[in-house]
Amino acid sequence: ALFGDVLEYEGKFYKVGTVRQEVKDTKVEDDSFYLLTLAAVAKELKRRGLAEAKVFLAVGLPLTRFGAEKNDFIKYLTKNKRVSFKYENESYHIEIDDVAVFPQCYAAVVDKIPAMAKKTLIVDIGSWTIDIMPVINKSPDESKCVTIPKGLITCIRSINEQCVRQLNGEVDESEIQNIMRYGRSDIDDEYFAIIKAEIEGFVDKVYNSIREFGYNLKTTPIIFVGGGAVVMKNFGSHDAKNISYNLDVKANARGYEQLATMGLKSTKRLS
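Given below as structure tokens:
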């Protein structure tokens, strides 16, 4: 469709989900996250049959950057109280009522922490970052939390660097994502071999990082979450009883919603 995934905002048009995002130091250094947020709001409103609404945004930041970047992220998302835009040629008018920011990784497992009987390591692999969070006595150990700025985007970038270097051609990012998701493809064998090798290299680096931070890969209960959980499952060489995978790519978002709802109820803003 002509207007599929097209956002119109302040006289400019943006095709959402087609341009490769680069790794950023923070989420506020350009308009990318703001525009993606508008697109996400539009999808949620369409699902509810609404074109106008007061909106409460529940969002997340990398685990170890949460404290330092939280206030800037709130200012960034509330820079315009009232926002009008079009998404897929439908007009939307919203008022940003408030913003709540939560730590990634923690949000993805907030509903499961009460059932964690012993020390467990949560590894959240996202597009931009990898968050490592130990849970001890059913509580995150903030002093041992780590954020590594080498998420799936760095893997995709290295894949195409190798494809260009070895075969003088790039592979569409959506094709790479499908291989990550399903572990197979009918793509040309030479390209597939490069892609598979680079993904396996990425997975090995994740495990090496976990080991370097002092965790035993054979005895520590490890739960992989985020978009990269399926990559670890499909391409990892560690198939031990202590390793599990939460393949729900919306786990963090569901956690933000749960935490925001709890917060609103506690302040009597939601009955």
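44 is the number of the first residue of the sequence shown in the working numbering; add one for each residue after it. Every residue, glycine too, gets a C-beta built ideally from N, C-alpha and C.
**Prompt:** Around the Cβ of T190, are there at least 16 other Cβ atoms within 10 angstroms (buried) or fewer (exposed)?
**Reply:** buried
**Message:** If you reduce the DSSP assignment to three classes, tell me which class R108 lands in.
**Reply:** helix
**Asked** D229: buried (16+ other C-beta within 10 angstroms of its C-beta) or exposed?
**Response** exposed
**Where P146 falls: helix, strand or coil (DSSP)** = strand
**Asked** What first and last residue would you give for the beta strand (DSSP E) that runs through D174?
**Response** 173 to 179
**Prompt:** How many angstroms separate the CA atom of A151 from the CA atom of F116?
**Reply:** 20 Å
**Item:** Residue nearest to P146 in terms of C-alpha spacing, selected from L307, L106, S75
**Value:** L106
**Item:** Own chain residues within Cβ distance below 8 Å of F235, not counting five before or after
**Value:** I222, S228
**Prompt:** Which runs of the beta strand (DSSP E) spanning at least 3 residues fall entirely within the segment 172 to 228, listed in chain order?
**Reply:** 173 to 179, 189 to 191
**Request:** Just the C-alpha distance for R200 and E185, rounded to the nearest angstrom, thanks.
**Result:** 31 Å
**Message:** Starting from T304, trace the alpha helix (DSSP H) in both directions and tell me its first and last residue.
**Reply:** 294 to 309
**Y135 - DSSP class collapsed to helix/strand/coil** = strand
**Asked** Apart from the five residues on each side of it in sequence, which residues of its chain come closer than 7 Å, Cβ to Cβ, to L260?
**Response** Y250, I253, R254, H281
**Message:** Rounding to the nearest angstrom, what Cα-Cα distance links I156 and G103 in this structure?
**Reply:** 18 Å
**Prompt:** Curious, which full-length beta strand (DSSP E) runs of at least 3 residues does the segment 54 to 100 contain?
**Reply:** 55 to 58
**Cutoff 8 Å; reference Y299; Cβ partners in own chain excluding five residues on either side** = A101, V102, G103, A143, F145, A150
**Request:** Could you tell me the distance, in whole angstroms, from the CA atom of E133 to the CA atom of K58?
**Result:** 15 Å
**Message:** Closer than 8 Å is the cut-off here; do at least three beta carbon pairs connect the segment 201 to 221 with the segment 273 to 293?
**Reply:** no
**Prompt:** Comparing alpha-carbon positions, which option in K284, E95, E72, A158 lies nearest I139?
**Reply:** E95
**Message:** If you measure between the beta carbons of K129 and E51, is that distance less than 7 Å?
**Reply:** yes
**Asked** Where do the ends of the alpha helix (DSSP H) carrying F267 lie?
**Response** Note, F267: premise wrong, no alpha helix (DSSP H); beta strand (DSSP E) at 265 to 268.
**Three-state secondary structure assigned by DSSP to D48** = coil
**Prompt:** How far does the alpha helix (DSSP H) with Y234 in it reach, from first residue to last?
**Reply:** 232 to 255
**Request:** Work out the CA separation of V98 and G92 for me, nearest whole Å.
**Result:** 14 Å
**Prompt:** Which one or two residues does DSSP pair with I168 in a beta bridge?
**Reply:** I173
**Message:** Do V178 and T163 count as a contact pair if the criterion is CB distance below 7 Å?
**Reply:** yes
**Message:** Is there a C-beta anywhere in chain B that falls below 7 Å from the one on N221?
**Reply:** Judged by its chain identifiers, the structure shown contains no chain B, having just a single protein chain.
**Message:** Helix, strand or coil, according to DSSP, for V119 in the structure here?
**Reply:** For the record, residue 119 in the displayed sequence is Tyr; it is not Val. DSSP places Y119 in helix when its eight states are reduced to three.
**Message:** My assumption, with CB atoms under 8 Å, is that G279 sits in contact with I168. Please give the rounded CB distance.
**Reply:** That pair is no contact at about 11 Å.
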